[in-house]
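Going by my numbering, the first residue of the sequence shown is number 1, and it counts up by one from there. Ideal Cβ placement from N, Cα and C applies to all residues, glycine included. Here's the structure, in structure tokens; my notes come after.
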Amino acid sequence: MQTNQSSLSALTLGAVGVVYGDIGTSVLYTLKEVFGSGHVPFTHANVYGVLSIVFWTLTLIVSLKYVTLVLRADNEGEGGLVAMLALASRSVKDKAPALRKWMLLIGIFGTCLFYGDGVITPAITVLSAVEGLDVVSPGFRRTVIPLTLAILLALFLVQKRGTAGIGKFFGPIMVVWFIAIAALGLYHIGGHPEILAALSPHHALRFIWLHSGISFIILGAVVLCVTGGEALYADMGHFGRKPIRIAWFTIVMPALTLNYFGQGALLLAEPEAVKNPFFMMAPQWLTLPLVGLATVAAVIASQALISGAFSVTKQVIQLGYLPRLKICHTSSRDRGQIYLPFVNWSLFVMIVLAVVLFRSSSNLAAAYGIAVTLDMTITTVLTFFVVRYGWSYPLALALAATGFFLAIDLAFFSSNLLKLVDGGWFPLLIGGAVFILMTTWKDGRELLTRTLREGSIDLRSFLDAVFISPPARVEGTAVFLSAQPGLVPNALMHNLKHNKVLHAQNLFVTVRNHEVPWIGMEQRLLVEPLGRGCWQIVLNYGFKNDPDLPKALQLLAARGIALEAMTTSYFLSRDIVTPTLGSGLAPWREKLFAHMHHSATAAAEFLNLPSNAVVELGSVVEI
1 MQTNQSSLSA LTLGAVGVVY GDIGTSVLYT LKEVFGSGHV PFTHANVYGV LSIVFWTLTL
61 IVSLKYVTLV LRADNEGEGG LVAMLALASR SVKDKAPALR KWMLLIGIFG TCLFYGDGVI
121 TPAITVLSAV EGLDVVSPGF RRTVIPLTLA ILLALFLVQK RGTAGIGKFF GPIMVVWFIA
181 IAALGLYHIG GHPEILAALS PHHALRFIWL HSGISFIILG AVVLCVTGGE ALYADMGHFG
241 RKPIRIAWFT IVMPALTLNY FGQGALLLAE PEAVKNPFFM MAPQWLTLPL VGLATVAAVI
301 ASQALISGAF SVTKQVIQLG YLPRLKICHT SSRDRGQIYL PFVNWSLFVM IVLAVVLFRS
361 SSNLAAAYGI AVTLDMTITT VLTFFVVRYG WSYPLALALA ATGFFLAIDL AFFSSNLLKL
421 VDGGWFPLLI GGAVFILMTT WKDGRELLTR TLREGSIDLR SFLDAVFISP PARVEGTAVF
481 LSAQPGLVPN ALMHNLKHNK VLHAQNLFVT VRNHEVPWIG MEQRLLVEPL GRGCWQIVLN
541 YGFKNDPDLP KALQLLAARG IALEAMTTSY FLSRDIVTPT LGSGLAPWRE KLFAHMHHSA
601 TAAAEFLNLP SNAVVELGSV VEI
């Protein structure tokens with residue numbers, strides 16, 4: 001019992017450091033942007049109204065929607081939009097198959113928007129923290145952009161080393177951060193305790209009633225208080241539902257509430273603090289240390305998002321929506337600690353572009369919102385299908401459970417559309433570009449598979465013909481990779497043509513990825529004997545499994561098929577895709593697919609094959 005309690009405490013502490021870094025640093029800029037927009041007349045009644053809206057936004061979207069409802073929709077313990085998409089897709093596969101295609105497109109588009117959010121969030125978070133130097137002294141203003149870029153460069157440089165070493169400090173540092181922001185809030189609430197009346201929803205409703213137009217406009221800034229809400233769900237697989245809920249209700253939500261209300265109390269006493277209410281909460285002697293702590297918290301928030309981008313990309317590759325990319329494991333103990341160089345430096349370039357292009361957190365706030373509110377909306381829609389078809393709840397109950405949140409999501413999304421010209425186009429442009437890449441790769445792979453299948457020969461029939469006049473047999477095992485089971489791999493054809501030999505043992509292996517997070521070793525292999533030392537093998541992986549073909553094939557020993565590492569060779573076909581005019585994809589998409597196919601990481605590296613035992617045989621495929 002004591003061990004379980006200790007484990008729960010450790011997971012809760014870890015959740016504070018990883019899950020809540022983003023939403024925990026939203027106090028840096030939310031109220032500044034709401035009042036700094038110039039849309040809200042600065043009166044005491046409006047301060048109460050805005051605070052009430054912020055508090056109830058946190059309560060409805062984070063506490064009720066994500067923590068209470070969405071966290072229940074776990075895909076075998078995993079969360080996040082990719083896991084939700086796979087869960088919803090499986091839920092409707094048999095009951096509403098016509099919906100599945102559109103649901104997959106919508107879910108993948110939501111995943112693409114994550115990358116747009118992944119560019120804006122580190123930029124606005126780190127920039128907001130460093131802008132605190134301007135409160136210390138206006139002379140620091142010119143150093144804000146260079147220092148922000150230097151911090152971001154250092155952050156991305158250390159990614160290849162992994163976060164296993166420094167990750168253990170994230171939780172304690174973020175606890176210090178939440179204690180600090182709660183203490184600042186309490187200090188100012190003590191001077192104006194009447195501000196706590198804004199906890200009542202009637203202040204929010206009164207503000208909306210009296211200023212309906214302004215209320216709609218400022219929702220685009222209010223949404224900043226729920227930045228990182230998706231991370232609650234995405235990180236469920238790492239920490240579990242219970243630790244995430246405990247961390248939110250006991251540490252994060254109380255600290256955020258106290259700080260927001262402390263900022264409101266400060267604004268009642270000193271309206272001029274509206275230019276940067278968070279940093280002006282601190283006494284002058286404490287401002288510089290607070291800037292330092294805020295910067296560290298912002299880096300931790302950014303780190304969590306970068307790690308999330310690595311994890312999501314790996315899952316999307318497994319689901320077949322991106323080509324293979326180089327994946328480096330940065331921890332020998334935790335297989336979830338990964339580093340993708342291409343994703344790392346692509347994110348860095350786009351984040352630098354965002355900082356240089358927008359130059360201030362206020363300008364970046366105009367770019368933030370559209371992507372995240374659209375993601376929130378998509379999550380709600382997918383949740384409906386899980387509740388209705390996956391959990392088999394009545395239609396009325398499913399609509400009631402998600403319709404209320406959908407209305408809120410659409411209100412925030414509609415408000416953020418007003419920022420489209422001012423910067424909202426930026427994350428949409430990134431998400432749209434990634435969506436084109438993903439759909440082109442998926443459609444191109446299907447076209448390539450269809451082309452290869454049309455020109456393929458049935459494996460059993462081929463082997464029967466070969467053994468009528470069998471070639472020379474050599475010692476050892478040949479492993480032939482095949483995209484489709486039951487068909488002759490091109491590598492086998494080329495090997496017989498050029499080498500005119502067949503190994504003593506021949507394994508025809510197909511790797512299949514499924515819409516579930518994990519597939520255990522007991523379900524890894526499907527083996528079908530073909531006779532004469534030949535077997536058809538299907539390897540099953542979930543989208544969070546790490547493909548390791550040699551390790552999986554070791555399981556064959558229990559079935560009487562012994563493999564010696566020194567005498568096992570892996571034969572792969574390296575297809576060179578050539579676009580042609582025809583009834584396939586649009587010409588520009590075929591060219592894009594051909595380039596992506598050529599640039600993909602070699603299958604040997606992706607499947608963890610020993611480099612000294614791989615034989616690649618090339619072929620040209622016209623699509």
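Continuous alpha helix (DSSP H) stretch holding Q303: start and end | Q284 to Q318
Sorted by chain position, which residues of the same chain lie with C-beta nearer than 7 Å to G403's C-beta, five sequence neighbours on each side aside?
-> none
Would you mind sorting Q523 into buried or exposed? The rule is 16 or more other CB atoms within 10 Å of its CB.
-> exposed
Quick one: Cα of F55 to Cα of A297, how far?
-> 22 Å
What distance in whole Å lies between the Cβ atoms of F178 and G17, which are believed to be in contact at a cut-off of 8 Å?
-> Contact flag wrong, Cβ pair sits at about 10 Å.
What is the rounded straight-line gap between the Cα of T227 and the Cα of R453?
-> 46 Å
Go ahead and label D134 buried or exposed: buried means 16 or more other beta carbons lie within 10 angstroms of its beta carbon, across all protein chains shown.
-> buried
Is the number of C-beta pairs between the region 143-154 and the region 397-414 that are closer than 8 Å three or more?
-> no
What number of angstroms, rounded off, separates the C-alpha of G656 from the C-alpha of F169?
-> With the chain represented from 1 up to 623, any question about residue 656 goes unanswered, as that position is not in the structure.
Would you kindly check if the distance between the Cβ of V119 and the Cβ of I430 is under 8 Å?
-> yes
According to the neighbour-count rule (16 or more other Cβ atoms, all chains shown, within 10 Å of its Cβ), is W102 buried or exposed?
-> exposed
Segments assigned alpha helix (DSSP H), at least 4 residues, entirely inside the region 523-596 = 549-553
Out of L199, L448, R100 and Y115, which has the shortest C-alpha to C-alpha gap to V316?
-> Y115
Could you pull the start and end residues of the alpha helix (DSSP H) that L347 belongs to?
-> P341 to F358
Could you tell me the distance, in whole angstroms, from the CA atom of P471 to the CA atom of A491?
-> 16 Å
Closest Cα partner of I378 within the set L81, L268 and K65 | L81
If you draw a straight line from the alpha carbon of L340 to that of I327, how long is it in whole angstroms?
-> 5 Å
Which residues in the same chain have their Cβ closer than 8 Å to the Cβ of M1, if we skip the five residues on either side of it in sequence?
-> Summary for M1: the model assigns pLDDT 45, below 50, so the residue's position carries little reliability; its value from the coordinates is reported in the next sentence. If we look at M1 and ignore the five residues flanking it on each side, it has no Cβ neighbours.
Nearest to R473 by CA position, among R532, H203 and W425, is which residue?
-> R532
Out of Y233, Q159, P289 and L196, point me to the one whose CA is closest to Q337's CA.
-> Q159
Contacting residues, own chain, Cβ-Cβ under 7 Å from A204 (five flanking each side not counted) = G49, S52, I53 and W56
Residues that F412 bridges to, as DSSP identifies them = For F412, which the question treats as bridged, DSSP gives no partner whatsoever.
Beta strand (DSSP E) containing S52: first to last residue?
-> Run containing S52: none in the beta strand (DSSP E); it sits in the alpha helix (DSSP H), H44 to T57.
Out of Y368, I217, F249 and L288, point me to the one whose CA is closest to Y29's CA.
-> Y368
Proximity below 8 Å, CB of K419 to CB of A366 | yes
Specify whether the region 242-257 and the region 60-79 touch according to this definition: at least 3 beta carbon pairs, one from each stretch, less than 8 Å apart.
-> yes
How is the beta strand (DSSP E) around V67 delimited, first residue to last?
-> Taken as a continuous stretch (DSSP letters only), V67 belongs to no beta strand (DSSP E), as it is neither H nor E.
Three-state secondary structure (DSSP) of E508 | Reading off the sequence, residue 508 comes out as Phe, not Glu. Correct three-state label for F508: strand.
In three-state DSSP terms, what is S619?
-> strand
How would you write the range of the alpha helix (DSSP H) that F239 sits in, first residue to last?
-> M236 to F239
Compare the beta carbon distance of G599 and G476 with 8 Å and say whether it is the shorter of the two.
-> Residue 599 is actually Ser in this sequence, not Gly. Not in contact: S599 and G476 (Cβ atoms no closer than 8 Å).
From T373, Q536, I436 and R388, residue whose alpha carbon lies closest to that of L406 | T373
Please specify which runs of the alpha helix (DSSP H), each continuous and at least 4 residues long, are wholly inside the region 206-267, giving them in chain order.
-> 212-222, 229-234, 236-239 and 241-247
Are the CB atoms of G584 and I623 nearer to each other than 8 Å?
-> yes
Alpha carbon to alpha carbon, how far is T580 from Q484? Give it in angstroms, no decimals.
-> 23 Å
Counting only beta-carbon atoms, is V27 nearer than 8 Å to chain C?
-> Absent from the structure is chain C; it holds one protein chain and no more.
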